[in-house]
Structure formats: C-alpha cells, structure tokens
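Chains P and B are the protein sequences, given in the same order. Counting in the numbering used here, the first sequence runs from 1 upward without gaps. Counting in the numbering used here, the second sequence runs from 136 upward without gaps. Working notes, structure below.
There are 2 protein chains.
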Amino acid sequence: MMISTKGRYALRFLADVAEHQGDGFVPLKDVAVRQKISEKYLEIVVKELVKGGLLTALRGKGGGYRLSRSPEEYSVKSILELMEGSLAPVACLESGQNVCPRSNDCRTLPLWQGLDKIISDYLAQFTLADLYGKT
Amino acid sequence: MMISTKGRYALRFLADVAEHQGDGFVPLKDVAVRQKISEKYLEIVVKELVKGGLLTALRGKGGGYRLSRSPEEYSVKSILELMEGSLAPVACLESGQNVCPRSNDCRTLPLWQGLDKIISDYLAQFTLADLYGKT
DNA sequence: CTATTGACATAGTGGTTTAGTAGGTATATA
DNA sequence: TATATACCTACTAAACCACTATGTCAATAG
Chain P
1 MMISTKGRYA LRFLADVAEH QGDGFVPLKD VAVRQKISEK YLEIVVKELV
51 KGGLLTALRG KGGGYRLSRS PEEYSVKSIL ELMEGSLAPV ACLESGQNVC
101 PRSNDCRTLP LWQGLDKIIS DYLAQFTLAD LYGKT
Chain B
136 MMISTKGRYA LRFLADVAEH QGDGFVPLKD VAVRQKISEK YLEIVVKELV
186 KGGLLTALRG KGGGYRLSRS PEEYSVKSIL ELMEGSLAPV ACLESGQNVC
236 PRSNDCRTLP LWQGLDKIIS DYLAQFTLAD LYGKT
C-alpha cells in the first residue's frame, strides 16, 4: 500500500471544499462530519495543504477554508505528492535519494522506472474537478 | 513507497538463481555475496519463496536452491504479490478487506481502481526471464 | 563416522511510520 | 464579550521494516 490515509483524506477534504465553498469559507468541522473523518486528525492533514498553498484559510467566526485556485488546476498527482512526500514505488527512486551504487548494472531498475512513470502519468490525468459533483 | 526490500530482494534472488543454477543448486550464501545482501535477512525472504513453491531447496553439502519452474513462468506481479501480500495502492482495495461502507458513493474509488489496474497490468507483463542475462 | 556445508526455525531489536488524541493559543465575527 | 474558528505543541499505541543472534536438522565428502 502506497497511498496512506493522509493522501486520501487530503483528496476528500479538497473535493468536499470544492463542492461546498460557493463564495464563502468551509469550516473544517463541517467537512469532518460529512466525510466522517476525525476532526483532530484532519487538522494535521489540512495544515499541510495550507502550508503548500493549496488552501486559503480564514480564522474566527465565519471562517474556514477555500481553494486557492480553481478545481481544474489541482492535479491529483500534485496533491498526493505533497501529502505522501513521494509517489515512487520503490525507495531507490525517491527524490533526494542518493543514487544507488548498483544502478548501472541493476537489472530491475528499468522495471521500476517504467512503473513509476505509468503511475505518475495516470495520476497526472485527473484533477479535483473530476472528483466531485457527478452524483 | 509500495514495494519494500523484501519484494526487491526476492526478485534479485530469483533472477540470480535463474542465471546461475545451470543443472545444480545455488547456495544462498553465493547469492548474498553477489547481490550484496545480508545473508540472514535473505533467509527470511527465501523461506517465503520456498513456502510459496517458487523455489525448490536441497539441504546439506552441494545443496541450495533452484527454480521450481522455468523463468518465463514467473510473472513479476505474482512474485511481488507473494512477498508484499498485496500490491493494492490503497488499503480499501486490499484483498480480504471488508468492503468500505462508503464505497457506493465514494468519489475516489474509481480513481484507485484504475490505478490498481494499470499497476497490475504493468507488472504482469514481465517475467523473471526479462530480469537477467542481457548484460 | 565425523566434519563440514548448507537449509530451516525461533526469537529479539532499534528505528520509523501511521493514525490518531489531548490540551491549549490566536483571531475574527455577532 | 461570547463564540466560532484556525493554529500550535506534544504525546501515544500499534504496526511495520530491516535486520541480528543463536541455534537445529539434513546431506555429502573425506
């Protein structure tokens, strides 16, 4: 398993905000209730989304969150990469990893590179806009 | 990261055995040296391969391991599935998992199902025979 | 028959990740 | 001023990962 609850919750949170924001802000609590996710744990997830610039927050009464951009501008890949750190299927392909000394004659490296590419390409196809509305 | 050292070591072990078995048995130690993998840890990995029927073992002097079938009959997918338990990218798709109660109106489920499929299809394409020899 | 070579078995371990929980502070609105 | 909201720090139980340690069982070579 490669995508944890953190990534999946982020996706569901963003999709829920996209669906409900209208012209105002959506409080975290409302999303937590609708999506049946622990409020406290969601806070941790959402903090990273704010820090990453995906969400704009407003404190105090009437506050909450809204998308910083329009839903079509959020690729699923970029969201998951932010939350999971990396989507690489194997450790040796993780960014910021020192290159494996065996990589020159590694028989399995091309296999992993190919796998990494199809995963990336697949997830880059979708955006937040694909994730809500069509009941 | 979704494929651990266990899966990667298994692949490298099997490929090494395929390459060196000839008509005899390949001792674990030789593979460990060639592949620079901890001998003791490899034992754990290999035990599962024997249990899963992928390898045939012979004890004592002159013993070791050889493939139970010919290399073309080992799909990378089946090897990795055996070692990792599941290749599902998300928990809710893991086999033997009770179905998620939200699955009927889950907006992200089709996304995960699609991802799961392209990963499976990709890994099913390759066999052990693709993983050795062509220096 | 014995020493050696190997597979097989069981248990422990230090570090990291996961999925949270607890309790409090800062800030905006009614 | 009360309330609703975001934000912050810290803790935790459980699982997982990548090993290590210490053996026992079995087959062959001498």
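For every residue, glycine included, the Cβ atom is placed at its ideal position computed from N, Cα and C. Treat the numbers as computed from the prediction; the structure is a model and nothing was measured.
Below-8 Å beta-carbon distance, residue i vs any chain P residue
| i | result |
| --- | --- |
| B:I214 | no |
| B:H155 | no |
| B:L189 | no |
| B:L184 | no |
| B:L246 | yes |
Chain B within 8 Å of residue i, Cβ atoms only
| i | result |
| --- | --- |
| P:F13 | no |
| P:L28 | no |
| P:T127 | no |
| P:I119 | yes |
| P:V76 | yes |
| P:E39 | no |
Partners in chain B for residue i, counting only beta-carbon separations shorter than 7 Å
| i | result |
| --- | --- |
| P:M2 | M136, M137 and P224 |
Under 8 Å by beta carbon: chain P residues contacting residue i
| i | result |
| --- | --- |
| B:T243 | R8, L11, R12, A15 and L131 |
| B:G249 | Y122 |
Range covered by the alpha helix (DSSP H) that runs through residue i
| i | result |
| --- | --- |
| B:A264 | Neither: B:A264 is in no alpha helix (DSSP H) and is coded neither H nor E. |
| B:D165 | L163 to Q170 |
| B:L184 | E174 to K186 |
Residue range of the beta strand (DSSP E) that includes residue i
| i | result |
| --- | --- |
| P:A18 | P:A18 -> not in any beta strand (DSSP E); alpha helix (DSSP H) instead, spanning T5 to H20. |
Whether residue i touches residue j by CB criterion (8 Å)
| i | j | result |
| --- | --- | --- |
| B:L189 | B:F160 | no |
| B:P224 | P:M2 | yes |
| B:R201 | B:Q156 | yes |
| P:P71 | P:A18 | yes |
| P:V76 | P:T5 | no |
| B:G268 | B:L215 | no |
| P:L28 | P:L42 | yes |
| B:Y144 | P:L115 | no |
| P:E48 | P:L82 | yes |
| P:Q35 | P:R12 | yes |
| P:T108 | B:L228 | no |
| B:I253 | P:I44 | no |
Residues that residue i bridges to, as DSSP identifies them
| i | result |
| --- | --- |
| B:T191 | B:R201 |
| P:S78 | DSSP lists no partner for P:S78. |
Within chain B, partners of residue i - CB distance below 8 Å
| i | result |
| --- | --- |
| P:L58 | Within 8 Å Cβ-Cβ: nothing; P:L58 doesn't reach chain B, min ~25 Å. |
Partners in chain B for residue i, counting only beta-carbon separations shorter than 9 Å
| i | result |
| --- | --- |
| P:E94 | M136 |
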